[in-house]
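The structure under discussion appears below in the form of structure tokens.
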Amino acid sequence: MGLDGFKLRHMKMLVALSEHGKLGVVAEMFGVSQPALSRTLNELEQMSGHQLFERHNRGLVPTPQGEVIVRHAKMLLAEAQRAEYEMVVAAAGQGGSVAFGTIMTPAADYVAPALQRMFETHPTIDVSISVGSSDVLLEDVLSRRLDFAVCRIPSGMNPLLFDYVPIGQETLRVVAAANHPLAAKAVVTEDEMRAHSWVLQPHGSFLRQVADDYIRRHGIVPTSIVSTSDALLTLLLMMQSDRLGIFAEPVGELFEQHGLLRRLAVERDISVPGFGLVKLRDRELSASAELLYRLFASSRTGEQPS
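Counting along the sequence shown from 1, when you hit position 42 you're at 41 in numbering that gives the first Met the number 0, and nothing is skipped either side.
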């Protein structure tokens, strides 16, 4: 018994069953009858030696063993999809591809300069960038949808799963629209920030935890809070409704240079742990991903990658 007889099509079926939970829905997706799909599932369970799904009135639910194989199936399918794409790119005579993620802070100081250095010597590499919170990005690193990420390792994740290279530190700033009543003040006190509305990162994110702690410690009671991870929506809400927000120093500086926001001169800025370059431990990256990874790694010291 084992997984030797499993094919990519089987992996796709298992992932679909875990997502939809209905034999009929998945059978229609794959162009087979429901009895045929049920037989295939039984055969896969016999080959693996484990029950992979439990049958309930509401549908199929993965067993613990099923969750394991579905998780690895997603990784394999992501790698297969990536391999297909890179073969097409190679056949077209182009330079490969990289998929990485980043939290917002490193974009100006690290991401853009590293990409510029890469394109100077490898202009045809195809780059896909995801911007999000560290926990979301690392889930995509674990599932191999991303080659690596520039972020933190959240407390709820096992750091032994990753290689981590520290890159930079971060300071957060309270920001407001350029025409906000507090924007022109030389120093904004904690009392003056009370009773304002805010727009912050979603609950559960690292930056939201930091913001909530800051607001709580300084006795700031917001009139209301809008939660969103979208930077553009955050910017629009601040400009149109006089809400306060919290951005990383380089992001706030960039928006201020363009006259969109002002960094408030509050009595205390917000320091948070640094961020770094994170990849799945022992994962072998493609040549193009390895090139960009090394450019990021060298950016912390200013040295050129060997």
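Just so you know, even glycine gets a beta-carbon here, dropped at the ideal spot from N, CA and C.
Annotation for Thr120: no beta strand (DSSP E) segment contains it, though the alpha helix (DSSP H) segment containing it runs Ala111 to Thr120. Assignment of Lys278 by DSSP, reduced to helix, strand and coil, places it in the strand class. Within its own chain, the residues whose Cβ lies closer than 8 Å to the Cβ of Glu266, once the five positions on either side in sequence are excluded, are Val186, Val187, Thr188 and Glu189, listed in chain order. Taking 9 Å as the cut-off, the Cβ atoms of Leu276 and Val149 count as close. Shown here for Phe295: same chain residues with a beta carbon closer than 6 Å to its own, the five before and five after excluded, namely Ala113 and Leu276 in chain order. Of the other Cβ atoms in all chains shown, fewer than 16 fall within 10 Å of the Cβ of Pro201; this residue is therefore exposed. Here Thr233 is buried: its Cβ has 16 or more other Cβ atoms, across all protein chains shown, within 10 Å. Bridge pairing for Pro61: Phe52 [DSSP]. Just so you know, the alpha carbons of Phe161 and Ser240 end up roughly 41 Å apart. By the CB criterion at 9 Å, Val25 and Met46 fall outside the cutoff. Counting along the chain, Glu169 sits inside the beta strand (DSSP E) bounded by residues Phe161 to Ala176. Listed in chain order, the non-local C-beta contacts of Gly251 below 7 Å within the same chain comprise Arg172, Val174, Leu260 and Arg262, local neighbours out to five positions each way being set aside. Asp125 sits in a strand when the DSSP states are folded into three classes. For Leu22, the enclosing alpha helix (DSSP H) stretches over residues Leu22 to Phe29.
Thr101 sits in a strand when the DSSP states are folded into three classes. With at least 16 other beta carbons inside 10 angstroms of its own, Asp146 counts as buried. Burial is judged here by how many other beta carbons sit within 10 angstroms of a residue's own beta carbon; His257 has fewer than 16 and is exposed. The bridge partners DSSP lists for Leu260 are Ala176.
In the same chain as Asp139, and ignoring 5 residues on each side of it, the C-beta atoms closer than 8 Å to its own belong to Gly100, Ser129, Leu145 and Ala148, in chain order. In the displayed model, Gly95 falls within coil according to three-state DSSP, outside both helix and strand. Rounded to whole angstroms, Arg193 and Ala106 show a C-alpha spacing of 31 Å. Annotated as distal: His55 and Gly65, with beta-carbon spacing of 9 Å or more. Taken atom to atom, the span from the alpha-carbon of Leu137 to that of Ala77 is near 15 Å. Annotation: Leu43 to Lys278 spans about 32 Å, alpha carbon to alpha carbon. Sequence-distant Cβ neighbours of Leu236 in its own chain, meaning closer than 7 Å and more than five residues away, are Val198, Val225 and Arg242.
In the structure shown, Ile219 adopts coil according to DSSP, grouped into three states. Per the C-alpha coordinates, the member of Arg207, Ala183 and Ser154 positioned closest to Glu255 is Ala183. Cβ-Cβ separation between Met74 and Arg8: approximately 16 Å, too far for a contact (criterion under 8 Å). DSSP, read as helix, strand or coil, puts Pro158 in helix.
The shortest C-alpha to C-alpha distance from Arg57 to any of Leu16, Phe205, Ser228 and Ala286 is the one to Leu16. Check the Cα spacing between Arg70 and each of Ala35, Leu141 and Arg116: the tightest is with Leu141.
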